[in-house]
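Working notes, structure below.
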Amino acid sequence: MLAPASEAWLGNEAFPVAVGARWAAMALEGRCLRRGSPAMIRKTHERHPKKPTLAQVTSTLLSRTRLHGLRHVCLPGGSVGHRAFWLLALCTSLGLLLSWSSNRLLHWLSFPTYTRVHTEWAKELAFPAVTICNNNPIRLYKLTKNDLYFAGHWLGLLLANRTVRPLVLDLLQEDRRGWFRKLSDFSLFLPPRNFEGTNLEFMDRLSHQLDDMLLSCKYKGEPCGAHNFSSVFTRYGKCYVFNAAEDGKTLRTTMKGGTGNGLEIMLDIQQDEYLPVWGDTEDTAFEAGVRVQIHSQAEPPFVHELGFGVAPGFQTFVATQEQRLTYLPPPWGECESKALESGFFQVYSVTACRIDCETRYIVENCNCRMVHMPGDAPYCTPEQYKDCAEPALAKLSAVESSNCMCRTPCNMTRYNKELSMVKIPSKTSARYLQKKFNKTEKYITDNILVLDVFFEALNYETIEQKKAYEVAGLLGDIGGQMGLFIGASILTILELFDYAYEVSLKLSGWGGGGVEVTLRHFSSLLDDHPVWCEALSSSHASITISSLKLTHCIWCFDFPMNPYFKCY
Numbered sequence: 019m020l021a022p023a024s025e026a027w028l029g030n031e032a033f034p035v036a037v038g039a040r041w042a043a044m045a046l047e048g049r050c051l052r053r054g055s056p057a058m059i060r061k062t063h064e065r066h067p068k069k070p071t072l073a074q075v076t077s078t079l080l081s082r083t084r085l086h087g088l089r090h091v092c093l094p095g096g097s098v099g100h101r102a103f104w105l106l107a108l109c110t111s112l113g114l115l116l117s118w119s120s121n122r123l124l125h126w127l128s129f130p131t132y133t134r135v136h137t138e139w140a141k142e143l144a145f146p147a148v149t150i151c152n153n154n155p156i157r158l159y160k161l162t163k164n165d166l167y168f169a170g171h172w173l174g175l176l177l178a179n180r181t182v183r184p185l186v187l188d189l190l191q192e193d194r195r196g197w198f199r200k201l202s203d204f205s206l207f208l209p210p211r212n213f214e215g216t217n218l219e220f221m222d223r224l225s226h227q228l229d230d231m232l233l234s235c236k237y238k239g240e241p242c243g244a245h246n247f248s249s250v251f252t253r254y255g256k257c258y259v260f261n262a263a264e265d266g267k268t269l270r271t272t273m274k275g276g277t278g279n280g281l282e283i284m285l286d287i288q289q290d291e292y293l294p295v296w297g298d299t300e301d302t303a304f305e306a307g308v309r310v311q312i313h314s315q316a317e318p319p320f321v322h323e324l325g326f327g328v329a330p331g332f333q334t335f336v337a338t339q340e341q342r343l344t345y346l347p348p349p350w351g352e353c354e355s356k357a358l359e360s361g362f363f364q365v366y367s368v369t370a371c372r373i374d375c376e377t378r379y380i381v382e383n384c385n386c387r388m389v390h391m392p393g394d395a396p397y398c399t400p401e402q403y404k405d406c407a408e409p410a411l412a413k414l415s416a417v418e419s420s421n422c423m424c425r426t427p428c429n430m431t432r433y434n435k436e437l438s439m440v441k442i443p444s445k446t447s448a449r450y451l452q453k454k455f456n457k458t459e460k461y462i463t464d465n466i467l468v469l470d471v472f473f474e475a476l477n478y479e480t481i482e483q484k485k486a487y488e489v490a491g492l493l494g495d496i497g498g499q500m501g502l503f504i505g506a507s508i509l510t511i512l513e514l515f516d517y518a519y520e521v522s523l524k525l526s527g528w529g530g531g532g533v534e535v536t537l538r539h540f541s542s543l544l545d546d547h548p549v550w551c552e553a554l555s556s557s558h559a560s561i562t563i564s565s566l567k568l569t570h571c572i573w574c575f576d577f578p579m580n581p582y583f584k585c586y
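Residue numbers for the sequence shown follow this note's numbering, beginning at 19 and rising by one.
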């Protein structure tokens, strides 16, 4: 197959030029051209080009820049006063620009934030977890002789020598004093070698049982019972959680707000079984009732600090609203989102961090853990509770700021509460309740309470911490001030950098030798606008063609291949 003729490939007018360019290439390769060839070769070697002077550099800069005022400062032939005025104006503008820009930069480096609060409505909301604890951790009349022997001193009923503490008998009911004297008589008692069972079993057995306390339960008007609660241990002992997150169970939801659309329970606090209070101690509880905490399912209960009290003889209404909070991590905020290293809790929260910190501290100092603490360390015995765990926990709370640094989680859910209450029973309902529960009116007033937890409305509040000043705002402010004070923009700055780069290349002496080939024949194709073409050879020669009638045509050579051209 024959290749097409050069005239067909290059065109009638371009073909002669191609021939000349080919001869030029031959010259570059060191071949000689005969006399009469349509190309005259002139070699030039400029190994050290002359560097431009500072005046030339400045003149070129002033002719190119679009920076306002700079041309007037160095205007040739201008008066001294005129130049001084523009120099003062330019310096003042630059000073103001730097001042305002530094102010904006410092403001950005302070990482300011603002809080956005927004209320959103929902068709359905997940009901929160409700944790309920009796203020009394141990039932007095469930104690056995063995329990009193090992835990009597820890419970404050006995002295260290296992004799009855003064005033304890006086605090008991008359029909119970004989029982306690017999229980605390260890003269013929042969104690076991060790405390039977762990402290967890001890607390589980002697705590108030929900089956005994729960008199009535309704959720959204439907009956519920003790089987709808799960047990959990806290500083108050054994507590009970409604709507806890459990495997295989779905969370309860509600589609309405207001009373009757949440949880309503009636409890008997069993105040007659409270431990007697004989004096003021750090763990003395003077109140009667229950402690309640409303929290997210992802957050463990922390009732002793975050719970609120519900008193007997009253019906307490708790209207709650869900809040979804979002905080920013450093440097804008102080939130934490990574999981705890111990792995005790899957989701980070302040309460989880606190419990984790307390657990590690007690295990390190006492070689055991309290009943509400996670992990696999052995549970503390009553003696370890009294001698080590409780004093260590009190010491940790006193210096907690340096030992337990628990930041706010970046995403959390909490519940606002509004409490109101009415007295029960009313005079008209007292007799009915006496017959229903077989209790006296005084017992009902001292022990019975009603708790009603519901959503105030079917909405939730989002509270978001947001960045008040970001990079886009910083660039916008600085760009606006550049335009106001000196009439510059990002492109102006790029022009200055581009010119500085070109000047640096010239001042560094960059450049090399070359061969300039001028094609002088083909006078019928002469044109006033020469086209610069680059030969792709190792010498990087430049060829000036003055006889091509095409505009912006670039000849390319791939030696020893045939030349080709590109027009644009």
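Where a beta carbon is used, it is the ideal one built from N, C-alpha and C, also for glycine.
Of all the options the options, which has the alpha carbon lying nearest to the alpha carbon of residue i?
i	options	result
CYS151	SER360, LEU228, GLU401	LEU228
CYS424	ARG372, MET231, VAL310, LEU414	ARG372
ASP470	LEU173, SER225, LEU190, LYS236	LYS236
THR338	HIS136, LEU190, VAL417, VAL148	VAL148
ALA407	ASP394, ALA395, VAL381, ALA416	VAL381
THR252	GLU376, ASN164, ALA306, HIS171	GLU376
PRO243	LYS274, MET284, LEU206	The question names Pro, but residue 243 in the sequence shown is Gly. Comparing Cα-Cα distances from GLY243 to each of LYS274, MET284, LEU206, the minimum goes to MET284.
ASP290	PRO392, ILE156, LEU451, HIS90	ILE156
TRP139	THR480, ASP165, ASP222	THR480
PHE362	CYS384, ALA395, TYR478, GLN333	ALA395
TYR379	GLY174, SER355, PRO347, VAL417	VAL417
GLY351	ALA370, LEU218, GLN483	GLN483
LEU437	GLY325, LEU143, LEU185	GLY325
LYS160	SER225, GLU264, VAL98	SER225
PRO400	LEU493, GLU240, GLU219	GLU219
ARG342	THR137, PHE304, PHE455	THR137
GLY494	HIS90, LEU85, ARG122	ARG122
GLN402	PRO392, LYS256, ASN383, LEU414	ASN383
ALA248	ALA263, GLU323, GLU317	The question names Ala, but residue 248 in the sequence shown is Ser. Closest by alpha carbon: ALA263.
Under a Cβ-count criterion, where at least 16 other Cβ atoms within 10 Å of its own Cβ denotes burial, should residue i be classed as buried or exposed?
i	result
ALA26	Low local confidence applies: a pLDDT of 41 at ALA26 is under 50, so the model's placement there is unreliable, and no value is given.
GLY48	Caution applies to GLY48, whose pLDDT of 45 falls short of 50 and renders its modelled position unreliable; the value that the coordinates give is listed next. When all chains shown are included, GLY48 counts as exposed.
ILE508	exposed
PRO548	Here PRO548 scores only 41 on pLDDT, less than 50, and its place in the model is too uncertain to base an answer on.
TYR397	buried
ALA518	exposed
TYR254	buried
ILE511	exposed
GLY170	buried
PHE207	exposed
LEU451	buried
ARG211	exposed
PHE145	buried
PRO319	buried
GLY327	exposed
GLU520	exposed
ASP516	exposed
GLY307	buried
ASN153	buried
MET221	buried
Over the uninterrupted alpha helix (DSSP H) stretch that includes residue i, give me the two end residues.
i	result
SER360	Per DSSP, SER360 belongs to no alpha helix (DSSP H) and is neither H nor E.
ILE150	First-last for ILE150: 147 to 152, but that is the beta strand (DSSP E), not the alpha helix (DSSP H).
LYS484	Run containing LYS484: none in the alpha helix (DSSP H); it sits in the beta strand (DSSP E), 466 to 485.
MET284	Element bounds for MET284: not the alpha helix (DSSP H) but the beta strand (DSSP E), 281 to 286.
PHE455	445 to 455
VAL389	Premise fails: VAL389 is in no alpha helix (DSSP H) and is neither H nor E.
GLN499	489 to 503
I need the boundaries of the beta strand (DSSP E) containing residue i, first residue and last residue.
i	result
MET423	Taken as a continuous stretch (DSSP letters only), MET423 belongs to no beta strand (DSSP E), as it is neither H nor E.
HIS86	Unbroken run through HIS86: none, as it is neither H nor E.
MET439	429 to 441
ARG309	308 to 313
ARG134	131 to 139
ALA337	332 to 344
PHE326	326 to 328
So, do the stretch 348 to 367 and the stretch 414 to 434 have three or more beta carbon pairs nearer to each other than 8 Å?
Counting Cβ pairs under 8 Å, three or more are found: they touch.
In chain order, which continuous runs of the beta strand (DSSP E) of length 3 or greater are located wholly inside the stretch 228 to 274?
With a minimum length of 3 residues, the continuous beta strand (DSSP E) runs that stay inside the stretch 228 to 274 are 232 to 237, 247 to 252, 255 to 260.
The stretch 430 to 440 touching the stretch 321 to 338, judged by at least three CB pairs closer than 8 Å
Result yes; three or more Cβ-Cβ pairs closer than 8 Å.
Pair every Cβ in the stretch 277 to 287 with every Cβ in the stretch 179 to 187, then say whether three or more of these pairs are closer than 8 Å.
Three or more beta-carbon pairs separated by less than 8 Å are not found between the stretch 277 to 287 and the stretch 179 to 187, which leaves the two stretches without contact.
Determine contact between the stretch 127 to 136 and the stretch 482 to 494, defined as no fewer than three beta-carbon pairs at a distance below 8 Å.
These segments touch.
Using 8 Å as the Cβ pair cut-off and three pairs as the minimum, do the stretch 495 to 505 and the stretch 100 to 120 touch?
Yes, the stretch 495 to 505 touches the stretch 100 to 120.
Assess, as a yes-or-no matter, whether the stretch 436 to 448 is touched by the stretch 308 to 320 under the definition of 3 or more beta carbon pairs within less than 8 Å.
At 8 Å Cβ cutoff, the stretches do not touch.
Extract the residue ranges of the alpha helix (DSSP H) inside the stretch 167 to 213, only unbroken runs of 4 or more that lie entirely within it.
The stretch 167 to 213 contains these whole alpha helix (DSSP H) runs: 186 to 189, 192 to 201.
The stretch 322 to 332 contacting the stretch 451 to 464, beta-carbon criterion three pairs below 8 Å
The stretch 322 to 332 and the stretch 451 to 464 touch, with no fewer than 3 CB-CB distances between them shorter than 8 Å.
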